[in-house]
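What follows is a set of notes on a single structure, which appears directly below.
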Ligand SMILES: [Zn+2]
């Protein structure tokens, strides 16, 4: 695989293999376990059927959070600021499920998303949930959105020790490994 070749050539620089997997209507992921297990990390997010009541949306997310291959829950409410409210979720139940399953929650840095909402960062941190600031870049310029994610995460109370992005290579490697060894048990 190309990433393996690059990692061999560029070591100790390391490219992790990751994917954003769709959370389907019933909460399952759109890739089979055989594919999911080939990644270092999997971001699970909802991109379809966004009109759900709170109970359905919460159950759908929790099922995805309980999937052993889910590393990160992406943009938890699907909101687009100024245009789409996003589905209602029971934040506490979703965050508690992330704590129980060691799933990291994304702070999506796209200025139209900023989802997980900053008002819930502190609750997540109190529950021991790690947060990660992701640019959701669809092209190279998208990486510049990181500044909005960092600002909103600071506003929410996130510090470097609880921010997955700020982990060292060793810390992040062992975090991913821990999660995938847990899958084998
Ligand atoms: Zn997405």
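In the working numbering, the protein residues as written are 508 to 692. Here a beta-carbon is modelled for each residue, glycine too, at the ideal position from N, C-alpha and C. These numbers come from a predicted model, not from an experiment.
Ligand 1 heavy atom lying under 8 Å from the CB of residue i
| i | result |
| --- | --- |
| residue 624 | no |
| residue 581 | yes |
| residue 527 | yes |
| residue 652 | no |
| residue 552 | yes |
| residue 643 | yes |
Pick from the options that is closest to residue i, judged by C-alpha positions
| i | options | result |
| --- | --- | --- |
| residue 685 | 547, 640, 542 | 547 |
| residue 528 | 601, 562, 589, 576 | 576 |
| residue 640 | 545, 567, 553, 663 | 663 |
| residue 677 | 513, 522, 512 | 522 |
| residue 618 | 629, 659, 596 | 659 |
| residue 609 | 655, 616, 642, 574 | 574 |
| residue 502 | 511, 537, 599 | The structure shown does not extend to residue 502, since the chain is modelled only from 508 to 692, so the question has no answer here. |
| residue 624 | 649, 656, 526, 650 | 656 |
| residue 553 | 584, 566, 545, 543 | 584 |
| residue 654 | 557, 637, 616 | 616 |
| residue 565 | 647, 594, 611 | 594 |
| residue 567 | 542, 545, 536 | 536 |
| residue 578 | 549, 588, 544 | 549 |
| residue 675 | 580, 514, 520 | 520 |
| residue 588 | 630, 622, 580, 526 | 622 |
Cα-Cα separation, residue i to residue j
| i | j | result |
| --- | --- | --- |
| residue 620 | residue 586 | 6 Å |
| residue 551 | residue 569 | 11 Å |
| residue 534 | residue 571 | 5 Å |
| residue 508 | residue 517 | 14 Å |
| residue 681 | residue 614 | 22 Å |
| residue 632 | residue 669 | 7 Å |
| residue 603 | residue 687 | 20 Å |
| residue 591 | residue 559 | 13 Å |
| residue 627 | residue 645 | 26 Å |
| residue 582 | residue 596 | 12 Å |
| residue 637 | residue 683 | 13 Å |
| residue 648 | residue 642 | 10 Å |
| residue 689 | residue 512 | 27 Å |
| residue 605 | residue 651 | 28 Å |
| residue 540 | residue 531 | 14 Å |
| residue 556 | residue 545 | 27 Å |
| residue 635 | residue 671 | 13 Å |
| residue 580 | residue 514 | 26 Å |
Which runs of the beta strand (DSSP E) fall wholly inside the stretch 514 to 583 and span at least 3 residues, in chain order? Along the length of the stretch 514 to 583, whole beta strand (DSSP E) runs at least 3 residues long occupy 525 to 529, 548 to 552, reported in chain order.
In chain order, each alpha helix (DSSP H) run of at least 4 residues that lies wholly inside the stretch 590 to 623
Every alpha helix (DSSP H) stretch that sits fully inside the stretch 590 to 623 and reaches 4 residues is listed by chain position as 598 to 607.
| query | What runs of the alpha helix (DSSP H), each 4 residues or longer, lie entirely inside the stretch 617 to 660? | reply | When DSSP assignments are scanned along the stretch 617 to 660, the uninterrupted stretches of alpha helix (DSSP H) that are 4 or more residues long and fall wholly within it turn out to be 628 to 633.
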